[in-house]
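Residue numbers (our numbering), protein chains in the order written: chain A, 2 to 134; chain B, 78 to 571.
Below, the structure is given as structure tokens:
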């Protein structure tokens, strides 16, 4: 993707993670990195993600992403228990580059504190704080 | 770049396996005529091992052709930022290969190794003089190991003070070497990152705000990875000490200040040096290095073992300091590297080392001025040993990435600079010419970089596919990292 896609229906962090609340089960959310983040990283070659049952804490590191250029920490937008990690990324880390908002998702969590969602950015607010590239 | 002359066969163009012909041998191994081996059958090779079959002459031509493809500091300019790829005087190799040093056994009694031990003792004293810190251990085998030693020494000192349970944080500026936060984390501390101020120096306000009774140490790379001096580091050192924390110095960039500024005089408690960089021993590709640690009297009891000392009767020997963090590896450090560093230090003397840092700084600034205006310079001020440009303009205006620029520099006959580091500079191009490049080499490098800036506007496709003149062209590094093939496989699937 081109690095400037910011879907309207997601929530964001200033650390370039996105969160999608599950329509069918509203206490669950999917988390990934943004199009801007994958573009800055370049070709992603490896991801270190927490396993099912692990607890992640809002604003704390929950894993790392390695590209040909650099290794970066991943920060959790909210707190919660991991209910799934994207196993497809083990064989195909390029999904993060090709479809950061789709098949390249990272983890699904059970939302611990709904109030934390209010602290996240909407698409306009996230777009406003992106540097001009 | 290619070693082959026109019309001549390039013996390195194929793998040795592809040059194999049945029945050829580089050496004849006589058939075994002795007794049967007592090894159990399961451990014996029953099938022939697939090895390439080449004559001795063919094998020598193959390896000679490969070696001619190498590009090193002995081939040309090597501006790999942060790595200090200076020319290594050959006399240092000669000294280290003298039989008395080269054949010294690491377990020889001290009485029988006084020559080597005295060299190490004098190197220890020399490094104390250069750093302004009185106590030194030569044991760490590399910069990162020296860092770990330094932070473990701080850990032990805090333990003896009874402060270790409360002091769990280490502050690290985001312009530090990446090994600094890694070291702090490895030693069990939490890393608090300090953002760089707009002028590229330490953000003192943040440091002051963060300094409290939970801070064990502040790790400062000086000069920093932007090639910039930290103005007022002495006052920052006072603040750190007043807060009960230690100031760790990453001395990997010593080449900028050698013979002019001493870490001890600035208030650093412990530093590591990269002798393979500043004191000129061949390095790259992972080894061997030497990362001695120097420290204050206060931290001396914790130095890694062994430390070389002189007894009252003049005997030089190794000893383990009272509260030593212990050994980092077997034996005494990379002694061959230490001897080269000693030879380099003695050949130059105090005035020579001072001239080295002066010329290194002059060369980096000459390159900065020559390239100025052709690439963005996020921190546009005089630098020390290296200068960090940004390819942001080339990327935004022409879709050319720093990666493409680096690969294209190979076509112009130079080793690429360090790219995408430091992380705080977008599309970073980090260049360190060192003191050993003459002005015409720096001018030629700048001309090549300026030509590439012009190419990025006129012919970006040429940059996207570079290098074109190297024996091997653009590699798919992402695919190689994602699905590595680690073993040669025969093409025919035999």
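We treat Cβ as the ideally placed atom computed from N, Cα and C, and that holds for glycine.
When rounded, the separation of the alpha-carbon atoms in residue 207 of chain B and residue 459 of chain B is 24 Å.
DSSP places residue 508 of chain B in the strand class (E or B) of the three-state scheme.
The C-alpha of residue 113 of chain B is placed about 13 Å away from the C-alpha of residue 120 of chain B.
By the rule that beta-carbons nearer than 7 Å mark a contact, residue 97 of chain A does not touch chain B. Where residue 325 of chain B is concerned, there is no enclosing alpha helix (DSSP H), although the beta strand (DSSP E) around it starts and stops at 323 to 328.
The beta carbon of residue 205 of chain B sits no closer than 7 Å to any beta carbon of chain A. With respect to residue 533 of chain B, residue 471 of chain B sits close: the two C-beta atoms are nearer than 7 Å. CA-to-CA, the gap between residue 479 of chain B and residue 541 of chain B works out to about 10 Å. Along the region 38 to 55 of chain A, the positions whose C-beta sits under 9 Å from a C-beta of chain B are 41, 43, 44, 45, 46, 47, read in chain order. Sequence-distant partners of residue 225 of chain B (beyond 5 residues in either direction) whose C-beta falls short of 6 Å from its own C-beta, in its chain, are 260. Distance between residue 111 of chain B and residue 95 of chain B, taken at the CA atoms: about 35 Å. Taking C-beta atoms as the reference points, residue 399 of chain B and residue 393 of chain B fail to come closer than 7 Å. A check of alpha carbon separations from residue 152 of chain B across B:565, B:535, B:514 identifies B:514 as the nearest. When Cβ pairs closer than 8 Å are counted between the two stretches, the region 268 to 284 of chain B is seen to touch the region 313 to 323 of chain B, the count reaching three or more.
Classified as exposed, residue 175 of chain B has fewer than 16 neighbouring CB atoms from the shown chains inside 10 Å of its CB. By the Cβ test, the region 435 to 447 of chain B is in contact with the region 509 to 523 of chain B, since at least three Cβ pairs between them sit closer than 8 Å. Assigned with DSSP and collapsed to three states, residue 108 of chain A falls in strand. For residue 385 of chain B, the secondary structure class from DSSP, reduced to helix, strand or coil, is strand. Using a Cβ distance threshold of 7 Å, residue 146 of chain B and residue 548 of chain B count as a contacting pair. Between the alpha carbons of residue 288 of chain B and residue 309 of chain B lies a distance of about 17 Å. In this structure, the CA atom of residue 320 of chain B is about 42 Å from the CA atom of residue 46 of chain A. Between residue 29 of chain A and residue 109 of chain A, the beta carbon gap of about 6 Å places them in contact (Cβ cut-off 8 Å). Chain-order list of chain A residues neighbouring residue 275 of chain B: empty, with the shortest C-beta distance near 15 Å, by a criterion of under 9 Å. In the DSSP assignment, residue 250 of chain B falls within the unbroken beta strand (DSSP E) covering 246 to 250.
For residue 79 of chain A, the three-state secondary structure derived from DSSP is coil. Two segments are said to touch when three or more pairs of C-beta atoms, one from each, lie closer than 8 Å; by this definition the region 93 to 111 of chain A does not touch the region 119 to 128 of chain A. Contacts between residue 69 of chain A and chain B, judged by CB atoms closer than 7 Å, involve 554, 555, 558 in chain order. As DSSP reads the structure, residue 13 of chain A sits in a beta bridge with A:19, A:122.
Contact annotation: residue 156 of chain B and residue 509 of chain B have beta-carbon atoms nearer than 7 Å.
Segment contact: the region 425 to 435 of chain B against the region 233 to 241 of chain B, fewer than three CB-CB distances shorter than 8 Å; contact not assigned.
A:113 is the residue among A:107, A:74, A:113, A:89 whose C-alpha sits nearest the C-alpha of residue 27 of chain A. Distance from the CA atom of residue 139 of chain B to the CA atom of residue 88 of chain B, rounded to whole angstroms, is 5 Å.
Assignment of beta-bridge partners to residue 267 of chain B by DSSP yields B:246.
Boundaries of the alpha helix (DSSP H) harbouring residue 355 of chain B: 352 to 355, taken from the DSSP string.
Residue environment analysis places residue 169 of chain B among the buried positions, since at least 16 neighbouring C-beta atoms fall within 10 angstroms of its C-beta.
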